[in-house]
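Structure first, then comments.
Numbering (my numbering), first residue to last: 7 to 130.
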């Protein structure tokens, strides 16, 4: 006779499905926020991304704190980590593709010259 296995609760299954839907929605919001040139991430970030991320994180914590022993809790953590770490790489393109790189380079050159040659830039 096999030992009886307790079925996971319906509430846990609903929260897992809702979590997967919200994580897909978060990735979609990041995809919509992709831009070629921006000064800050707040200019181009979709306004619903942060609330969706907060709700998704809350669902992840609720799923992790349940007493159910399921193998895909680790998968949920990995997916959430990928979402968090890909925030800037999805929104901002890699490499020298925008004017932002040029502006930051000019500012750095200005401050390097000030530090190396002293301030004020003219003899007193």
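Each residue gets a CB set at the ideal place from its N, CA and C atoms; glycine is no exception. Predicted model only: the values in this text are computed from it and were never measured.
Closest by C-alpha distance to residue 24, when choosing among 56, 66, 33 and 35
On the chain shown, residue 24 is found 18 positions in, with the first residue counted as 1. Nearest C-alpha to residue 24: 66.
Sorted by chain position, which residues of the same chain lie with C-beta nearer than 8 Å to residue 32's C-beta, five sequence neighbours on each side aside?
Against the chain shown, residue 32 aligns to sequence position 26. Correct list, in chain order: 55, 58, 59, 62 and 89.
Terminal residues of the alpha helix (DSSP H) in which residue 32 lies:
Position 26 of the chain shown, counted from the start, is the residue given in the question as residue 32. 16-38 is the span of the alpha helix (DSSP H), which, as asked, contains residue 32.
Who are the Cβ neighbours of residue 35 in its own chain at under 7 Å, not counting the five residues just before and after it?
Counted from its first residue, the chain shown places residue 35 at position 29. Excluding residues within five positions, the ones whose Cβ falls inside 7 Å are 52, 54, 55 and 58.
Measuring only the C-alpha atoms, how far is residue 93 from residue 38?
Counted from its first residue, the chain shown places residue 93 at position 87. Counted from its first residue, the chain shown places residue 38 at position 32. About 12 Å.
Mapping the DSSP letters down to three states, classify residue 76 as helix, strand or coil.
The residue given as residue 76 occupies position 70 in the chain shown. If DSSP states are grouped into helix, strand and coil, residue 76 belongs with coil.
With 16 other CB atoms within 10 Å as the buried threshold, where does residue 83 fall?
One-based indexing of the chain shown puts residue 83 at position 77. Its Cβ having fewer than 16 others within 10 Å, residue 83 is exposed.
Between which two residues does the alpha helix (DSSP H) containing residue 92 stretch?
Within the chain shown, numbered from 1, the residue matching residue 92 stands at position 86. No alpha helix (DSSP H) holds residue 92; DSSP gives it neither H nor E.
Output yes or no for whether 8 Å exceeds the beta carbon distance between residue 70 and residue 79.
For the purposes of this step, residue 70 is taken as residue 64 along the chain shown, with counting starting at 1. For the purposes of this step, residue 79 is taken as residue 73 along the chain shown, with counting starting at 1. For residue 70 and residue 79, yes; Cβs fall inside 8 Å.
Between the Cα of residue 64 and the Cα atoms of 95, 76, 19 and 28, which residue gives the shortest distance?
As a first step, residue 64 is located in the chain shown; it is residue number 58 there, counting from the start. Nearest C-alpha to residue 64: 28.
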